[in-house]
Amino acid sequence: MSQRTKGILTFVGLVSLLIYSFYASAGPPNVKMLKNTKYTIGEVRYEYYNNKNGLGFDIEFYNNYDRIRAHRNGEFIFGRKYLVAYDSTNSKNGYIILDKYDITDSLSKYNIHEEGGYYKKSWSLEKIPFQYNKSDIEHDVKMAVINW
């Protein structure tokens, strides 16, 4: 095998691994995520139209150190920020974008700012700074997992 062929195969392998890790970085919510749930800020970055499912959105958030881009249908507003629940120990166990909890207007009130163009803060349920009933949030996450 020539040096050039080895280089091309190495390049293709690295690109494939990169693509796999991007798409495999977060899965649909499952019961395992309830053990290690953390919360962060998801931002509606793009909206798209899918004839089959109607209007949908691309929402980006940080899961520990990984930036996640999720496609979701729902009651989202372009440019707004929403609370996201995710498994803090294994992103393959899933995430849930909670469209009921628009936190856009609360970010400046609680002095939460972007870092490098994204919101990278995360909290346990008890430490979420926003003025929502924590038991309502917990219930909504459990129901989303069950109904997925």
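Counting from 1, position 33 in the sequence shown corresponds to residue 33 in the numbering used here; the numbering is continuous, with no gaps. C-beta atoms are modelled at their ideal positions from N, C-alpha and C, and glycine is treated no differently. If you're wondering where the values come from, they're calculated on a predicted model, not measured in any experiment.
Could you check the C-alpha separation between residue i and residue j for me, to the nearest Å?
| i | j | result |
| --- | --- | --- |
| Y132 | P28 | 24 angstroms |
| I128 | D102 | 13 angstroms |
| E60 | M1 | 42 angstroms |
| N64 | S124 | 13 angstroms |
| F22 | R69 | Unreliable positioning characterises F22 in this predicted model, as indicated by a pLDDT of 45, which lies under 50. A coordinate reading is not provided. |
| K134 | Y82 | 15 angstroms |
| Y46 | Q3 | 42 angstroms |
| T40 | E126 | 13 angstroms |
| V84 | T5 | 44 angstroms |
| G42 | R67 | 10 angstroms |
| W148 | G74 | 14 angstroms |
| S108 | G116 | 17 angstroms |
| I112 | T10 | 42 angstroms |
Spatial neighbours of residue i within its chain, please: CB distance less than 7 angstroms, with the 5 preceding and 5 following residues excluded, ordered by chain position.
| i | result |
| --- | --- |
| A144 | P29 and I96 |
| H71 | G56 and D58 |
| D140 | L98 and K100 |
Could you work out which residue in the options is closest to residue i when comparing CA atoms only?
| i | options | result |
| --- | --- | --- |
| Y62 | F130, I146, S106 and E114 | E114 |
| N36 | G94, V44, H71 and E47 | G94 |
| Y118 | R80, N90 and S135 | R80 |
| F78 | D99, K32, K92 and R67 | D99 |
| N90 | K32, R4 and Q3 | K32 |
| I137 | Y86, N111, G74 and Y110 | Y86 |
Looking only at its chain, what residues have a beta carbon closer than 6 angstroms to the beta carbon of residue i, apart from the 5 residues adjacent to it on each side?
| i | result |
| --- | --- |
| S88 | N36 and K38 |
| I146 | none |
| F130 | I103 and S106 |
| K92 | G27 |
Check the C-beta distance from residue i over to residue j and give it rounded, since I have them as a contact under 8 angstroms.
| i | j | result |
| --- | --- | --- |
| L34 | K142 | 7 angstroms |
Please work out which residues of its chain come closer than 8 angstroms, Cβ to Cβ, to residue i, disregarding the five sequence neighbours upstream and downstream, and give them in chain order.
| i | result |
| --- | --- |
| V44 | F57, D58, I59, F76, I77, F78, G79, R80, K81 and Y82 |
Mind checking if residue i is an interface residue toward chain C, Cβ cutoff 7 angstroms exclusive?
| i | result |
| --- | --- |
| E47 | The chain labelled as chain C is not found in the depicted structure, where only one protein chain is given. |
Alpha helix (DSSP H) runs contained entirely in the segment 68-135, provided each spans 4 or more residues: 106-109
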